[in-house]
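Participant:
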Amino acid sequence: MSHDRSTNGQPLTDREQSLEFLRQMLRIRRFEEKSAELYSAQKIRGFLHLYIGEEAVAVGVAGGLNKDDALVATYREHGHAMVKGMAMNTIMAEMYGKVTGCCRGRGGSMHLFDAEHRLYGGNAIVGGGLPVAVGLALADQLQKNHRVTCCCFGEGAMAEGEFHEALNLAALWHLPVLFVCENNYYAMGTALIRSEAVVDLPSKAASYGVETATVDGMDVIAVAEAAQQAASQVRQNGGPFFLECRTYRFRPHSMFDPELYRSKQEVEGWKQRCPIESLIRRIREKGWIDDSRLGELEGAVAAEIAAAVDYAEQSPWESLEELTRFVYSESEVR
Amino acid sequence: MAEQMRTITYRDAVREGLREALQKDERVFLMGEDVGRYGGCFAASKGLLEEFGPERVRDTPLSESTFTGAGIGAALGGMRPIVEIMTVNFSLLALDQIMNNAATYLHMSGGLFNVPLVIRMATGGGKQLAAQHSHSLEGWYAHIPGIKVLCAATLEDARGMLWGALLDPDPVLLFEPSVLYAMEGELAVDAGAVDIAGARLHHEGRDLTLITYGSCLYKCLDAAEQLEVSGISCDVIDLRSLRPLDEESFFTSVAKTHRALIVDEGWRSGSLAAEISARIMENAFYELDAPVERICSVEVPMPYAKHMEEAALPQVKTIVETARRMIHG
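Protein sequence lines correspond, in order, to chains P and B.
The numbers in this note's numbering rise by one with no breaks, and the one at position 322 of the first sequence is 322.
The numbers in this note's numbering rise by one with no breaks, and the one at position 194 of the second sequence is 1194.
#1: Under the assumption that Ala1191/B contacts Gly1160/B (Cβ atoms under 8 Å), give the Cβ distance between them as a whole number of angstroms.
#2: Using a 10 Å radius around the Cβ and a threshold of 16 neighbouring Cβ atoms, would you call Thr1104/B buried or exposed?
#3: Only counting the same chain, and skipping five residues up and downstream in sequence, which positions put a Cβ closer than 6 Å to that of Arg15/P?
#4: With a threshold of 16 other CB atoms inside 10 Å of the CB of Val1229/B, please say whether the residue is buried or exposed.
#5: Are there 16 or more other CB atoms within 10 angstroms of the CB of Ser1269/B, so buried, or fewer, so exposed?
#6: With the cut-off set at 8 Å, would you say Glu1033/B and Met1086/B are in Cβ contact?
#7: Could you work out which residues of chain P lie near Ala1070/B, taking near to mean beta carbons separated by less than 7 Å?
#8: Ile125/P CB to nearest chain B CB: under 8 Å?
#9: Using 8 Å for Cβ pairs, my map puts Ala70/P next to Leu136/P. What's the rounded Cβ distance?
#10: Ordered along the chain, which non-local residues of its own chain (more than five positions away) have a Cβ less than 6 Å from that of Ala1074/B?
#11: Check whether the segment 81-89 of chain P and the segment 168-183 of chain P touch, using three or more Cβ-Cβ pairs below 8 Å as the test.
#12: So, are the CB atoms of Ile1211/B and Ala1260/B less than 8 Å apart?
#13: Could you name the residues of chain P that Gly1111/B contacts, counting a contact when the two beta carbons are closer than 9 Å?
#14: Taking Ser1297/B as the reference, give the member of Thr1068/B, Gly1126/B, Leu1313/B, Pro1303/B with the closest Cα.
#15: Since Leu357/P sits in a beta bridge, which residues does DSSP pair it with?
#16: For the segment 1093-1110 of chain B, enumerate the residues whose C-beta is nearer than 7 Å to any C-beta of chain P, in chain order.
#17: Using 8 Å as the threshold, is the segment 194-204 of chain P in touch with the segment 41-52 of chain P, meaning 3 or more CB pairs across them?
#18: At the level of alpha carbons, what is the spacing between Ala1013/B and Asn183/P?
#19: Name the chain B residues whose beta carbon is nearer than 8 Å to that of Leu142/P?
#20: If you draw a straight line from the alpha carbon of Leu167/P to that of Phe1090/B, how long is it in whole angstroms?
#21: Label Asp4/P either buried or exposed according to how many other C-beta atoms from any shown protein chain fall within 10 Å of its C-beta, with 16 as the threshold for buried.
#22: Measuring only the C-alpha atoms, how far is Glu268/P from Gly1124/B?
#23: Does any residue of chain B have a CB that is nearer than 8 Å to the CB of Tyr120/P?
#24: Give me whichever residues DSSP pairs with Asp1059/B in a beta bridge.
#25: Tell me the DSSP secondary structure of Phe1175/B in three-state form.
#26: Nearest to Tyr208/P by alpha carbon, out of Ala191/P, Asp114/P, His164/P?
#27: Ser278/P: buried (16+ other C-beta within 10 angstroms of its C-beta) or exposed?
#28: Taking only three categories from DSSP, how would you classify Cys1041/B?
#29: Please list, in chain order, the chain B residues whose beta carbon lies closer than 7 Å to that of Phe113/P.
#30: Please report the straight-line C-alpha distance between Ala227/P and Gln17/P, rounded to a whole angstrom.
#31: Measure the Cβ-Cβ separation of Phe1029/B and Arg1058/B and say whether it is below 8 Å.
#32: Given that Phe1052/B touches chain P, what residues does it touch there, using C-beta distances under 7 Å?
#33: Under 8 Å between the Cβ atoms of Gly1198/B and Ala1224/B?
#34: Per DSSP, Asn123/P forms a beta bridge with which residues?
#35: Sort Arg1015/B, Leu1166/B, Asp1264/B by Cα distance to Glu1026/B and report the nearest one.
#36: I'd like the ranges of any beta strand (DSSP E) spanning at least 3 consecutive residues and lying wholly in the segment 88-123 of chain P.
This is the structure in structure tokens:
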């Protein structure tokens, strides 16, 4: 495994952007810490997959996308939903299973959808979102929309046939898809080296003639730069791009995971490279933030989360009479 | 004035439906294995590539799951894709996309994302294509809430169901029995789109209701004619839509005939025939003068040898014998 822990991250050049990335990562981190608490309190049920440790990927990648670009994500997508523009209220209410949730409580944590912000799920079948992303990009190509479809997936998805089919089709038809592999080195509990004969992931995409890059997924500035370059290349050339972000999940796979498959030392080692702490350190070095400003930032995030929890608590459940709605469309208008 | 008729094959009727859809709506495109240069595995799309170009008639790699999923994505992105999968057996490679995505998105997203996608595929036996090209799995698909399942048995439906399916805002699976592509018959010159909802009564009688769909329709019609000669008259119902089922059609008929025989090319266990039988029992039990009976395919993977395949599939002789036994004991 190539854990590159030597870098201290890229130097910062843009104050506003750095502070905004910090704010976004903190929103995701604190939101999920609260979610874990609410899970223990049995307010949130089902599966809950936390993104803690990987925040730099979603925040950085979103930094490279335009507002009208589409995003297809996985079941570990709270962060993606937030950076795409969804309000915490609607995400929290969804996880509570309330009718005010983004999907009226039909989807839960693993299935966040948002038509306005072009978030096409929350897909909980590993690899299942890749063909859909290819189709969204095909629709854009046929309608001559100069938009990018960004498809995030874990390295585990690369063992699925759909990965290979989707990369081939996107390359063959020259479709504007930005494939983002969030390589956190474990497919649930199975290490990359135990599931792939070839662990050089970009080489698999390159074998379909797709351009690739690898970036330190613990450095939000590096991810944003790489995503920006990749997305603009997709936008200009029309064809797909594969970006590998090397990252790490600090928490268990879900809330039912005793973590027998990795050592405490390994986890601690990666925690030293926490994307949030690393960014704070660099911002402090620049003198762009002090304790009081950081406190304000944390305070604002905490208030936003408290309001989201309150919103979810106060929201009603959907009436049982609605159970069979949305199996088929209610309107015939196309 | 009598309608002007012309002679046409089922295959050509399908092609007319495809052509009409491509002409009428810029958002419609066709994709699948060999739909373009080859002209379609059953020649249903022959000539359409030349007519509409490679953007709208798209040959795909042998990646059922991904081109079906791409159909879902393109539908979400504002297009009206027609995905062709060569046979229902191959569609199992795309089952994840059909079941976990196409059928669930609308409900899972709380009504945000409907998927206006049509998937066409060939189904059924009778061509000695053995155990990986001959099954009738449309009954499986009819199990899934969130999709609609159609089977075109007639030239009218081969010609007109596609446009009806494209008008639907949700995913529609349209099955074409492969044994019917070469069937020739009379079709109105101005035949066009048809309503995809509802069953159709093809033959009227008073003694027995034959409920069927797909290529078994013709076996039932043959049986009904033979039975007529011996004084047994039958209603023959072509279900057309397997999900949703037009149950009123067979409840109404059973209220008249008091006997029902279901002819279904799927396997018997857990079949569509079982579902129909259960619904009759639940809703029309006191109308019945005899137990509901079923003729299904024998529960074996489809054999290649002609005599074996014939023995595995429902046949006219069995329908006639069963009907006589049901009436006369």
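Backbone N, C-alpha and C define an ideal beta-carbon position, used for all residues, glycine too.
Facilitator: In terms of the structure at hand:
#1: 6 Å
#2: buried
#3: Trp288
#4: A residue is called buried once 16 or more other Cβ atoms fall within 10 Å of its Cβ, and Val1229/B, having fewer, is exposed.
#5: exposed
#6: The answer is yes: Cβ separation under 8 Å.
#7: Pro131, Val134, Gly135, Leu138, Leu169
#8: yes
#9: 5 Å
#10: Pro1081
#11: no
#12: yes
#13: Cys103, Arg104, Arg106, Arg325, Phe326, Ser329, Glu330
#14: Leu1313/B
#15: Summary: the structure shown does not reach residue 357/P, with chain P confined to residues 1 through 334, and so no result is reported for it.
#16: For the segment 1093-1110 of chain B, which is checked against every Cβ of chain P, the residues closer than 7 Å are Asp1096, Gln1097, Asn1100, Asn1101, Leu1106, His1107, Met1108, Ser1109, Gly1110.
#17: no
#18: 50 Å
#19: Phe1029, Glu1055, Ala1074, Met1079
#20: 21 Å
#21: Any answer about Asp4/P is weak, because its pLDDT of 44 lies below 50 and its placement is not dependable; what the coordinates show is given next. Classification for Asp4/P: exposed.
#22: The straight-line gap from Cα to Cα measures roughly 58 Å.
#23: yes
#24: Gly1032/B
#25: strand
#26: Among Ala191/P, Asp114/P, His164/P, the Cα nearest to that of Tyr208/P belongs to His164/P.
#27: buried
#28: coil
#29: Ser1109, Leu1112, Phe1113
#30: 15 Å
#31: yes
#32: The premise fails here: Phe1052/B is roughly 13 Å from chain P at the closest Cβ pair, so nothing lies under 7 Å.
#33: no
#34: Thr74/P
#35: Leu1166/B
#36: 119-123
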